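The structure appears below as structure tokens.
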Amino acid sequence: MLVLKFGGASVAEPENFLKIADLIIERTQTYKKIVIVVSAMGNTTDRLLQLAYRVNPTPHPRELDMLVSTGERISMALLAMALSAKGVQAVSFTGSQSGIITTECHAEAKIVDVRPKRLLEVLERGQIPIVAGFQGVSRRGEITTLGRGGSDTTAVAVAIALKISEVEFYKDVPGIFEEDPKKNANAKHLPEISYQDALSLAKAGAKVLHPRAIALAEKNQIQLTIRSFQECGETRIGAKNEQNRPLQFETEEG
Ligand code: ASP
Ligand code: MG
Numbered sequence: 007m008l009v010l011k012f013g014g015a016s017v018a019e020p021e022n023f024l025k026i027a028d029l030i031i032e033r034t035q036t037y038k039k040i041v042i043v044v045s046a047m048g049n050t051t052d053r054l055l056q057l058a059y060r061v062n063p064t065p066h067p068r069e070l071d072m073l074v075s076t077g078e079r080i081s082m083a084l085l086a087m088a089l090s091a092k093g094v095q096a097v098s099f100t101g102s103q104s105g106i107i108t109t110e111c112h113a114e115a116k117i118v119d120v121r122p123k124r125l126l127e128v129l130e131r132g133q134i135p136i137v138a139g140f141q142g143v144s145r146r147g148e149i150t151t152l153g154r155g156g157s158d159t160t161a162v163a164v165a166i167a168l169k170i171s172e173v174e175f176y177k178d179v180p181g182i183f184e185e186d187p188k189k190n191a192n193a194k195h196l197p198e199i200s201y202q203d204a205l206s207l208a209k210a211g212a213k214v215l216h217p218r219a220i221a222l223a224e225k226n227q228i229q230l231t232i233r234s235f236q237e238c239g240e241t242r243i244g245a246k247n248e249q250n251r252p253l254q255f256e257t258e259e260g
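So the numbering used here is basically just the index in the sequence shown, starting at one, shifted up by 6.
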């Protein structure tokens, strides 16, 4: 089983959904069961935030989460449609429908549990579940979001809940480099890196992966692979550990 996570750049244009559908179909040759997590298209989240502040300079955090969580819903539905156009059955789910339970804290919620009942039903039917990243639901039933870049953390949490030991992230760069490859074309590519080194790079501002996703993966020994949706090359973070270990989600404190 494998979790595939598609970042905002990989779904920036409508045509990308059809390309990604081919990539997903290709991965199903190797992995029988696949779960997808998607980000919002391109700069959709920024546009939704701007929209809110044009209407109210101090929007209520609850309403802001209601608004910004829609970005990922657009992506998940379009991807399900793209897969269907290619004859593959996929079903999209919001964070709430996927059973992603978070703290109450709007815009910075932590994932404290995942109850993937609906995802398991879809997998059981031989279909592909698509989960909206970046969002969840509090125990009181309020829609929450996980903080900017939070879809990476959704992907790792879904893997933990389904006991899947690998997550592949599709970005606009083929992995991690010693320097920013968009600034230095000769930057050295790193094919393998430890969780701790990836975490230091992410915390230092390298936009590789959401630091919380790396920390959560280390805690549960999930292997992360970063790939580009348009070119070859990859970076693997951490090692796969098939041992049976207790599931550990995020904690209130961090
Ligand atoms: N769409 C959200 C953001 O732009 C979440 C994500 O992309 O991971 O921050
Ligand atoms: Mg985004």
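Where a beta carbon is used, it is the ideal one built from N, C-alpha and C, also for glycine. This one's a predicted model, so the numbers in the text were calculated from it and none came from an experiment.
CB-CB length for residue i against residue j, believed under 8 angstroms
i: Pro-187; j: Thr-241; result: Incorrect: roughly 11 angstroms between the Cβ atoms, too far for contact.
i: Pro-122; j: Val-164; result: 7 angstroms
i: Val-9; j: Ala-204; result: Going by Cβ atoms, the distance from Val-9 to Ala-204 rounds to 17 angstroms, so no, they are not a contact pair.
i: Val-97; j: Val-128; result: 5 angstroms
i: Thr-51; j: Val-74; result: 6 angstroms
Cα-Cα separation between residue i and residue j, rounded to whole angstroms
i: Val-173; j: Ile-232; result: 9 angstroms
i: Phe-23; j: Leu-85; result: 6 angstroms
i: Glu-148; j: Arg-124; result: 19 angstroms
i: Ala-208; j: Arg-154; result: 13 angstroms
i: Phe-99; j: Leu-70; result: 20 angstroms
i: Pro-191; j: Gly-132; result: In the sequence under discussion, the amino acid at residue 191 is Ala, which differs from the Pro named in the question. Whole-angstrom Cα-Cα distance: 42 angstroms.
i: Val-120; j: Arg-145; result: 12 angstroms
i: Ile-40; j: Met-72; result: 28 angstroms
i: Arg-68; j: His-112; result: 6 angstroms
i: Ala-223; j: Ile-243; result: 9 angstroms
i: Glu-237; j: Glu-185; result: 18 angstroms
i: Lys-213; j: His-195; result: 15 angstroms
i: Val-17; j: Pro-252; result: 34 angstroms
i: Lys-177; j: Tyr-59; result: 29 angstroms
i: Ile-134; j: Asp-28; result: 14 angstroms
i: Lys-11; j: Pro-63; result: 33 angstroms
Residue i CB to nearest heavy atom of the ligand ASP below 7 angstroms
i: Phe-235; result: no
i: Phe-140; result: yes
i: Ser-269; result: The shown model of the chain, from 7 to 260, leaves out residue 269, and the question about it has no answer.
i: Glu-256; result: no
i: Thr-51; result: yes
i: Glu-114; result: no
i: Asp-158; result: yes
i: Gly-77; result: yes
i: Gly-14; result: yes
i: Gly-155; result: yes
Backbone secondary structure at residue i - three-state DSSP
i: Thr-241; result: strand
i: Gly-77; result: helix
i: Lys-11; result: strand
i: Asp-94; result: At residue 94 the sequence reads Val, which differs from the Asp that was named. Reduced to three states, the DSSP call for Val-94 is coil.
i: Tyr-4; result: With the chain covering only 7 through 260, there is no way to say anything about residue 4.
i: Val-17; result: helix
i: Ile-31; result: helix
i: Thr-108; result: strand
i: Ile-26; result: helix
i: Thr-64; result: coil
i: Gln-202; result: helix
i: Gln-56; result: helix
i: Val-214; result: coil
i: Leu-253; result: coil
i: Lys-188; result: coil
i: Ala-113; result: coil
i: Asn-226; result: helix
i: Arg-124; result: helix
i: Glu-258; result: coil
Beta bridge counterpart(s) of residue i as assigned by DSSP
i: Val-137; result: Val-43 and Phe-99
i: Lys-169; result: Partner(s): none; Lys-169 has no beta bridge.
i: Ile-149; result: Val-143
i: Arg-233; result: Tyr-176 and Glu-240
i: Phe-183; result: His-195
i: Asp-119; result: Ile-107
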